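Trainee: Just so you know, the sequences run in chain order A and B. So the first sequence is numbered by the UniProt record's numbering: it starts at 1 and just counts up by one. So the second sequence is numbered by the UniProt record's numbering: it starts at 1 and just counts up by one.
2 protein chains.
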Amino acid sequence: MIRQQLLTPSPEDLADFLNRHTRSRDCLVQVAGLAEVTYQGRAASTADVGTYLMVIKQDGSLQIHHPTGIKPMNWQPKTDSITARVDEDVCMLLASRRSPEELVQVVFLEPQVALALELAQAGGFVLRGSEAEMQQTLAEHPELIEPGLRVLNRELMVESGGIDLYARDAQGRYVVVELKWGRATQHAVSQLARYVRSVEGKLPARAVVRGILAAPSITTPARLELEDRGLEFREVSALPQATAAAGGPGAQPSLFD
Amino acid sequence: MIRQQLLTPSPEDLADFLNRHTRSRDCLVQVAGLAEVTYQGRAASTADVGTYLMVIKQDGSLQIHHPTGIKPMNWQPKTDSITARVDEDVCMLLASRRSPEELVQVVFLEPQVALALELAQAGGFVLRGSEAEMQQTLAEHPELIEPGLRVLNRELMVESGGIDLYARDAQGRYVVVELKWGRATQHAVSQLARYVRSVEGKLPARAVVRGILAAPSITTPARLELEDRGLEFREVSALPQATAAAGGPGAQPSLFD
DNA sequence: TCCTTAATTTCGCAT
DNA sequence: ATGCGAAGTTAAGGA
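1) Kindly identify the DSSP beta-bridge partner or partners of A:M92.
2) Any idea if B:R183 is buried or exposed, counting beta-carbon neighbours within 10 angstroms, 16 or more meaning buried?
3) In this structure, how does DSSP classify B:S190 when only helix, strand and coil are distinguished?
4) Write down every uninterrupted run of the beta strand (DSSP E) in the UniProt domain "Endonuclease NucS C-terminal" (130-237) of chain B whose length is 3 residues or greater and which is fully enclosed by it, in chain order.
5) Taking the DSSP output, what are the residues bridged to A:H65?
6) Would you report the Cα separation of B:D20 and A:S81, rounded to the nearest angstrom?
7) I need the straight-line Cα distance from A:T185 to A:T219, nearest angstrom please.
8) Please classify B:S10 as buried or exposed, where buried requires at least 16 other C-beta atoms within 10 Å of its C-beta.
9) Thinking C-beta only, is B:H65 closer than 9 Å to A:L18?
10) Examine chain B for any beta-carbon lying closer than 9 Å to the beta-carbon of A:H65, and answer yes or no.
11) Among residues of its own chain, excluding the 5 on either side of B:G148, which ones have a beta-carbon nearer than 7 Å to its beta-carbon?
12) Closest Cβ-Cβ distance between B:Q4 and chain A: below 9 Å?
13) Whole angstroms is fine: what's the gap from A:Q136's alpha carbon to B:R42's?
14) Along chain A, in chain order, which residues have C-beta atoms closer than 9 Å to that of B:Y52?
15) My output table needs one value for A:A120: the three-state DSSP class, helix, strand or coil.
16) So what does DSSP say about B:T79, is it helix, strand or coil?
17) Of all the options A:R234, A:P221 and A:E200, which has the alpha carbon lying nearest to the alpha carbon of A:A215?
18) Report buried or exposed for A:P142, applying the criterion of at least 16 other Cβ atoms within 10 angstroms of its Cβ.
19) Helix, strand or coil for A:D48? Go by DSSP, reduced to three states.
20) Nearest-angstrom Cα distance between A:R210 and B:R173?
21) Does A:A139 come within less than 9 Å of chain B when only Cβ atoms are used?
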């Protein structure tokens with residue numbers, strides 16, 4: 001499982017280590033220690049000398065973490081090229097990709113640990129409770145939005161994007177429904193307005209098109225803009241309450257701090 | 001620098017290790033090996049048995065990585081509580097937080113490596129070339145957008161959000177400028193339209209308010225909607241050309257694969 | 001705290 | 001490749 005581990009490696013050893021294990025593309029490589037990081041591409045950044053943890057995965061994706069926070073300080077989603085070399089008595093790593101063209105450069109001033117791990121088998125992964133699932137439920141039960149509603153399409157593509165639900169109401173008027181899994185924002189109102197305009201453009205003049213924003217809640221500014229534009233809001237409780245995972249929240253004996 | 005390292009630890013040893021080092025809040029903890037992960041909170045997810053890498057940082061943020069991809073398979077931005085315990089002869093870790101209430105549970109079936117690292121000094125961090133910098137440059141040189149433009153405000157707050165640049169043109173008409181650092185999308189057009197409406201609402205009736213979207217490029221649908229709404233586009237090259245980092249792209253001797 | 005926006009967003013899907 | 005929108009988005013900043 002541990003392919004190789006080095007402690008306080010020399011620049012040469014570290015460069016060898018990095019080149020060998022990144023090329024084999026079958027293990028996860030990490031180096032922790034004092035380093036300096038620069039990025040240039042979509043933006044440009046420099047991280048001062050500090051203690052960081054660099055992780056390179058099998059697909060060549062690279063991330064450099066500082067001591068706190070969920071997001072890496074620097075990263076590269078997938079690299080075309082990773083090269084380590086010794087330059088002026090330090091090991092330096094260059095990770096680059098095209099499209100967009102960008103480059104991450106790491107200078108390892110005092111590498112403390114280098115570790116190559118085999119992460120062989122990845123199990124299946126299932127996520128439940130996304131907006132897609134909410135859409136499916138409401139498509140099957142449109143009466144939860146409004147009695148008499150009949151769904152014509154799901155994910156109907158118009159030039160301005162995809163309409164979550166396209167329907168007709170009890171009076172035969174066309175209805176555009178925009179779903180939000182969480183609290184609806186002004187962004188959602190803009191989206192809905194755009195879709196309504198698109199549909200109106202496709203129908204004969206004077207056809208009435210209703211726009212309904214369906215979400216568990218809505219922000220105050222969004223509500224104002226919605227009413228201002230003659231659109232409607234329907235409160236829809238977040239539906240798919242997943243069956244509680246083994247040992248639900250609320251039974252931890254001790255605290256993190 | 002390595003606080004402690006365990007190889008193929010027993011469930012009891014691993015639980016002790018995790019509890020001790022997560023509580024001290026001064027090191028980065030990681031465990032690699034065969035595990036099973038479930039999440040419940042904003043959504044719900046299950047990862048079948050597989051080989052994963054779990055990292056817990058000093059602030060209690062947790063991420064579990066599978067072999068590929070930049071994003072963790074499961075994560076928790078900052079936990080209120082992290083607890084490890086032995087249950088049915090395996091070590092199990094519970095990481096939870098409130099607001100939103102969510103829980104990550106990791107069952108370590110065959111832990112291979114457990115490592116506690118000190119990542120002491122974090123370097124300062126500088127990022128350049130963001131939209132903020134573009135805004136500053138254009139605020140100081142509004143003639144790059146249009147001759148005769150005078151900037152009245154930057155980041156002017158209106159009820160619908162913040163206007164990047166608020167200005168008057170050579171004819172004295174008010175101008176709302178929305179900046180995008182990258183390619184402008186429909187989203188940016190909606191934003192601009194919202195701001196123009198807000199400003200029109202504050203001015204005497206019939207006042208003319210121009211809306212200008214300034215970006216290096218614009219998508220076709222966005223351009224259509226922009227013109228449809230009587231708004232304007234100005235091409236502005238991505239200004240802050242960062243001074244090339246040492247050893248810019250295009251000089252790698254060898255490829256990643 | 002709520003709300004909005006930026007992000008080197010990433011990711012996936014459709015054209 | 002481009003365009004669009006979701007995401008368990010995260011993170012920052014103002015009201």
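For glycine and all other residues, C-beta sits at the position ideal for the given N, C-alpha and C. Only a predicted model underlies this, so the values are computations on that prediction, with no experimental measurement involved.
Mentor: Straight from the coordinates:
1) A:R85 and A:V107
2) exposed
3) helix
4) 150-158, 161-168, 174-179, 209-215 and 232-235
5) A:L53
6) The sequence shown places Arg at residue 20 of chain B, not Asp. Distance between the alpha carbons of B:R20 and A:S81: 39 Å.
7) 6 Å
8) exposed
9) 9 Å or more divides the Cβ of A:L18 from the Cβ of B:H65.
10) Under the 9 Å criterion on CB atoms, A:H65 is classed as interfacial with respect to chain B.
11) Within its own chain, the residues whose Cβ lies closer than 7 Å to the Cβ of B:G148, once the five positions on either side in sequence are excluded, are D169 and A170, listed in chain order.
12) Chain A, which has no Cβ nearer than 9 Å to the Cβ of B:Q4, makes this no.
13) 18 Å
14) L119, A122 and G123
15) Here A:A120 carries a coil assignment [DSSP, helix/strand/coil].
16) coil
17) A:R234
18) buried
19) Strand at A:D48.
20) A:R210 and B:R173: Cα-Cα distance of roughly 35 Å.
21) no
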